[in-house]
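A.B. asks:
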Amino acid sequence: MESSIKDDIKKRYSKIVVSGNTDCCCMPGECDSGDSPIDVTKMIGYDQKDLESIPQEAILGVGCGSPINHANLQEGETVVDLGSGAGIDIFLAARKVLNSGKAIGIDMTDKMLEKARENALKGNFSNVEFKKGDIEENIPLNPNSVDAVISNCVINLTTNKTNAFKEVFRILRKNGRMVISDLITDIELPSGEINSDQWCECIDGALTKENYVSCIQQAGFKKIEILEERSYIDGEKFNNRKISSLVIKAIK
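What follows is the structure, encoded as structure tokens:
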């Protein structure tokens, strides 16, 4: 089941790169299917001027919040984005850490990495890098090497969330911070009822808030703070499960 889900995720996100169709991915329940990716992205907290400062092809509208608004990135820092997609958060982060810093995107989908690298060239970004990696198995970075980790609607897609958080803990420097947006649910599905398509839509892999926080604690993080929480999808479409969006911060 694990390898099948990962294969399906790669196929879905590869399709998004080619078609620009975001209907099969994380989208707020209030979005209309006719909304453009930039409209969707503004809906979840991004600033119009910030979006205008980066290559428009990087904006796919597949997030559930705006972790970069809460990451407090500083000049000279090294920041990593897990599941970096076409590069939206990496390019916004690169603007904040400037040329003395570095923004590194991690993704497991080849077509996304190819698109992100194309976008970096278009935007003349010299302080960004994109690496292939499975975030729950091995983030391809040295221990204690980064100041901040961000992620947007990605951890819920992993099949072992505790392992993903352990990898984040490993690469963060002491007092480094993780700021992520993600989806949670009020009712988790038993494994026998999981639907691969709905997992890829960021639904069936979602944990309860309590279990999500527990995974972060098990990874070694001590200071955990929920910065935002809001309703995302009312549950009639998904077996009466309520889906909410969180922005959560944890310190190593």
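Take the position in the sequence shown, starting the count at 1, then add 3; the result is the number in our numbering.
Note that beta-carbon positions come from the ideal geometry of N, C-alpha and C, so glycine has one too.
To test your reading of the DSSP string, which unbroken alpha helix (DSSP H) runs of 4 or more residues are found completely within the segment 117-186?
C.D. replies: Runs of the alpha helix (DSSP H) inside the segment 117-186: 164-174.
A.B. asks: Does the contact criterion of 3 or more C-beta pairs under 8 Å hold for the segment 170-178 versus the segment 145-154?
C.D. replies: The segment 170-178 vs the segment 145-154: in contact.
A.B. asks: If you follow the beta strand (DSSP E) that L230 is in, where does it begin and where does it stop?
C.D. replies: Where L230 is concerned, the enclosing beta strand (DSSP E) stretches over 226-236.
A.B. asks: Could you tell me the alpha carbon to alpha carbon distance between V250 and I57, rounded to whole angstroms?
C.D. replies: Answer to the nearest angstrom: the Cα atoms are 23 Å apart.
A.B. asks: If you follow the alpha helix (DSSP H) that T44 is in, where does it begin and where does it stop?
C.D. replies: That run of the alpha helix (DSSP H) goes 40-46.
A.B. asks: Quick check on the DSSP output: the alpha helix (DSSP H) that includes I107 runs from which residue to which?
C.D. replies: Element bounds for I107: not the alpha helix (DSSP H) but the beta strand (DSSP E), 105-110.
A.B. asks: What is the DSSP secondary structure of I190, reduced to helix, strand or coil?
C.D. replies: Coil.
A.B. asks: Here's the rule I'm using: 16 or more other beta-carbon atoms within 10 Å means buried, otherwise exposed. How should P40 be labelled?
C.D. replies: Flag for P40 reads buried.
A.B. asks: Could you name the residues of the same chain whose beta carbon sits closer than 7 Å to that of I71, not counting the 5 residues immediately before and after it, in chain order?
C.D. replies: The residues are D92, L95, A96, I153.
A.B. asks: Note down the Cα distance separating I47 from G66, rounded to an integer number of angstroms.
C.D. replies: Cα to Cα, the separation comes out at about 8 Å.
A.B. asks: Please state whether DSSP places D11 in a helix, a strand or coil.
C.D. replies: Here D11 sits in helix by DSSP.
A.B. asks: Around the C-beta of K252, are 16 or more other C-beta atoms found within 10 angstroms, so that it is buried, or is it exposed?
C.D. replies: So K252 counts as buried.
A.B. asks: Label V21 either buried or exposed according to how many other C-beta atoms from any shown protein chain fall within 10 Å of its C-beta, with 16 as the threshold for buried.
C.D. replies: V21 is exposed by the Cβ-count criterion.
A.B. asks: Would you kindly check if the distance between the Cβ of S247 and the Cβ of I187 is under 8 Å?
C.D. replies: Yes, the Cβ-Cβ distance between I187 and S247 is below 8 Å.
A.B. asks: With a threshold of 16 other CB atoms inside 10 Å of the CB of L85, please say whether the residue is buried or exposed.
C.D. replies: Counting Cβ neighbours within 10 Å, L85 comes out buried, since at least 16 surround it.
A.B. asks: Go ahead and pull the three-state DSSP assignment for K252.
C.D. replies: Strand at K252.
A.B. asks: Start and end of the beta strand (DSSP E) containing D53?
C.D. replies: No beta strand (DSSP E) holds D53; the alpha helix (DSSP H) holding it covers 51-55.
A.B. asks: Which same chain residues, not among the five before or five after F128, have their C-beta less than 7 Å away from its C-beta?
C.D. replies: Around F128: F94, A97.
A.B. asks: Give me the residue from D150, R120, L160 with the minimum Cα distance to I3.
C.D. replies: Nothing can be reported for residue 3, as the shown portion of the chain is limited to 4 through 255.
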